[in-house]
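Reviewing the structure listed below.
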Amino acid sequence: MFTPSHLKMRKTRHRNKGLFGSALLLAAIAAISIGQSRAADWQLFGPNAPDIEFHGFASQGFLDSTGYNYLGASKNGSLAYTELGLNASFNPFPRTRIALQGIAYDVGDAGKYDPILDYAMAEYTFNDYIGIRGGRIQRPQGIYNDIQDLDLGRTFVLLPQAVYDARWRDFYESLDGADLFGTIPLGACGSLTYEIYGGVIRPSMDGGVALEIRNELPPSAHLDELNTPKVIGGQFWWNAPLDGLRLGAAGVYIPSFTFTNSFETPFGPIRSVTKSSVVGQQYSAEYLWKAWTFQSEGCFLANTSRLAPSTNEYDLGWYASAAYRFNKWLETGAYYDEYYIQGAGKATLTSHSDTFQKDAAVAVRFDVTNRWIFKVEGHYIHGTALLEDNALNPERRDNGWWMIALKSTISF
Amino acid sequence: MLSLVRGLHANPPANVRVIVNEGVRDGSITATELKNIYTGRTNYWDGGEHVVIAVLSDSTDEALDEVSGMDASEFRTFWQRLVFSGRGEEPRTATDAGSLVELVASTRGAIALVPADVPLKGVKVLHVK
């Protein structure tokens with residue numbers, strides 16, 4: 032969290048990045064158009080070798096807001112909202128699959144189109160009950176954590192930011208390690224799907240966590256390093272016998288997250304190390320009924336400083352959403368979310384509006400074709416806790432504000 | 094209550110047959126196993142062969158709805174989520190029932206739901222228990 036005394040001015044590169052994003056998107060569209068607008072199956076090693084399946088997507092968004100700059104310089108309209116992805120997978124042996132995906136994204140100051148290896152893993156499925164995958168894997172948490180990049184997979188432009196912060200995906204989405212997965216039948220009670228994982232996270236210096244830390248540091252400080260924290264956790268889904276209903280619970284534990292920053296002084300730089308442990312919980316409910324999709328999730332994140340005196344900060348977020356599909360090309364939806372900062376983090380904030388953020392959104396999604404979608408979304412937001420860009424938002428008032436979001440995605 | 098029953102016994106309609114590639118060793122399948130395949134919970138046949146789902150593109154498919162519990166749009170979105178999270182492979186598509194049969198015949202591990210009156214060649218019919 033920041034305090035007003037930590038405000039610092041940084042050069043803004045949003046407009047140039049927006050243009051760069053548009054150019055990248057056009058290049059992706061051209062590449063897809065020149066090829067085929069569908070998934071490609073290549074047999075690189077002859078007709079008897081396993082097919083290699085390729086898929087990809089390119090998204091370009093636009094954000095325009097009143098009151099504050101959110102997820103970029105949105106008060107003047109921001110194109111700094113781009114996502115690109117390309118993946119490949121194949122089954123070289125029985126019960127074995129190899130898959131990898133690279134992504135690049137830019138959301139405001141986060142991402143900066145740095146290519147990220149989203150996942151690169153080998154998976155062996157013993158049977159429906161148990162399988163194992165290893166390498167760089169996607170971290171399951173709730174309905175959307177592992178598919179935050181995938182605009183195709185949801186009704187909305189922006190996922191409820193109280194639970195899924197669009198800037199933090201480098202920290203939350205992937206880990207280097209392994210997980211066990213499977214589905215256990217429960218007879219008349221449905222089934223239980225599980226994933227249990229462990230490994231390390233490799234946060235990017237251009238990602239959302241680094242961005243937030245820099246935002247909180249005083250102007251004379253410099254973020255030098257993020258560590259590679261260990262992580263363990265799991266996701267459980269109860270697939271209820273009522274068709275379309277599933278309930279989930281997820282937990283994550285990061286025993287030691289460390290970042291190092293330095294301060295310039297007349298006597299040379301002074302280095303400072305900050306250590307904390309993180310415990311997260313997320314609870315989810317999803318119900319698909321006819322053309323309706325109902326979802327609700329709540330998350331609780333406790334960040335405990337490991338320095339003396341130890342301090343605790345708690346982040347609480349939840350949302351409820353409903354979406355309705357009229358036909359194969361038109362879908363609409365709405366959600367409401369709330370986010371709160373509690374504990375020591377709240378005590379450092381001088382503006383009441385920085386302790387919470389509430390967002391009511393309405394969206395319309397058009398499936399122009401099976402491979403091209405377009406979305407329009409309106410938001411009414413109250414609170415500023417998730418702005419995380421002090422330089423672009425030097426003043427906070429306890430008022431409501433509006434934002435419109437547009438986004439288009441192509442895939443193959 | 095109807096949807097509860099449907100969830101437990103996702104039988105395809107009587108006028109639909111479940112066909113698979115001739116290389117698939119299984120000869121029969123339960124309604125629950127069929128649903129597990131169409132909802133991504135079962136990815137391999139008993140012999141270890143990877144399951145490849147084949148569906149009709151751009152159509153309302155009642156059989157698919159009945160078996161998976163999702164309409165065609167939901168089904169597409171559901172599998173896109175699995176594909177881009179590295180947890181599944183997108184179903185193959187064909188433009189008509191005849192092409193669907195050909196696709197299953199030529200694709201190892203493939204499975205599809207086809208109308209009972211479509212001529213079959215080079216595929217095996219799975220008995221749904």
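Sequence order for the protein chains is A and B. In terms of the working numbering, the first sequence has 294 at position 263, counting the first letter as 1, and numbering is strictly consecutive. In terms of the working numbering, the second sequence has 152 at position 59, counting the first letter as 1, and numbering is strictly consecutive. Note that CB positions come from ideal geometry on N, CA and C, so glycine has one too. The structure displayed is predicted, hence computed values, not measured ones.
- Per the coordinates, the alpha-carbon of A/L181 lies some 15 Å from the alpha-carbon of B/E182.
- Contact annotation, A/T291 with A/D255: C-beta distance approximately 5 Å; criterion of less than 8 Å satisfied.
- DSSP places B/T170 within a helical segment (H, G or I) once states are collapsed to three.
- Under the Cβ criterion (8 Å, minimum of three pairs), the segment 177–195 of chain A does not count as touching the segment 212–222 of chain A.
- Contact between B/V197 and B/N104 is absent: CB atoms are separated by about 20 Å, not below the 8 Å threshold.
- A distance of 9 Å or more separates the beta carbons of A/D368 and B/G162.
- When the alpha-carbon of A/Y150 is set against those of A/L418, A/A135 and A/G173, the nearest one is in A/A135.
- A straight line joining the alpha-carbon of B/D210 with that of B/V109 spans about 8 Å.
- One alpha carbon belongs to A/L110, the other to A/V188, and they sit about 13 Å apart.
- The beta carbon of A/S352 does not come within 9 Å of any beta carbon belonging to chain B, so the residue lies off that interface.
- Around A/P146, no beta-carbon contact reaches into chain B at under 9 Å, the shortest distance being about 16 Å.
- The segment 369–378 of chain A and the segment 344–359 of chain A touch, with three or more beta-carbon pairs separated by less than 8 Å.
- Closer than 7 Å at the C-beta level to chain B, one finds these residues of the segment 95–126 of chain A: G116, N118, S120, N122, P125 and R126.
- The beta carbon of A/D210 lies closer than 7 Å to those of R164, I168, E226, I227 and Y228 in the same chain, with the five residues before and after it left out.
- Within the segment 332–409 of chain A, the complete beta strand (DSSP E) segments at least 3 residues long are 343–358, 361–374 and 387–400, listed from N- to C-terminus.
- In this structure, B/S199 sits away from A/N401, with a CB-CB distance that is not shorter than 9 Å.
- Following the DSSP letters along the chain, one finds A/R277 in no alpha helix (DSSP H) but inside the beta strand (DSSP E) bounded by residues L276 to F294.
- Cβ contact annotation for A/S293 (same chain, cutoff 6 Å, sequence separation greater than five): H253, D255, P300 and R302, in chain order.
- Annotation for A/S308: no alpha helix (DSSP H) segment contains it, though the beta strand (DSSP E) segment containing it runs I301 to W320.
- Per DSSP, the beta bridge partners of A/T156 are A/G162.
- For the C-beta of B/T188, not a single chain A residue is nearer than 9 Å; the gap to the nearest is close to 12 Å.
- The C-alpha of B/F168 is placed about 15 Å away from the C-alpha of A/L276.
- Chain-ordered listing is empty here: chain B has no CB closer than 7 Å to the CB of A/G230, the nearest sitting near 15 Å.
- For the segment 155–168 of chain B, the set of positions with a beta-carbon nearer than 9 Å to some beta-carbon of chain A reads G162, M163, D164, A165, S166 and E167 in chain order.
- Each residue's CA atom was taken as its position, placing A/G139 and A/L94 some 10 Å apart.
- A Cβ of chain A is located within less than 9 Å of the beta carbon of B/S150.
- According to DSSP, residue pairing for A/F325 in a beta bridge involves A/Y318 and A/A353.
- DSSP places B/S199 in no beta strand (DSSP E) but in the uninterrupted alpha helix (DSSP H) bounded by A190 to S199.
- Annotated three-state conformation of B/V109 is strand, per DSSP.
- In the structure shown, the three-state DSSP call for B/N129 is helix.
- A/I168 belongs to the set of residues whose beta carbon lies under 9 Å from a beta carbon in chain B.
- Chain B places no beta carbon closer than 9 Å to that of A/T335, leaving this residue out of the contacts.
- Annotation: A/R396 has no Cβ neighbours in chain B at a cutoff of 8 Å; minimum Cβ distance is about 10 Å.
- Using beta-carbon distances, B/V117 does not count as an interface residue toward chain A, since no partner is under 9 Å.
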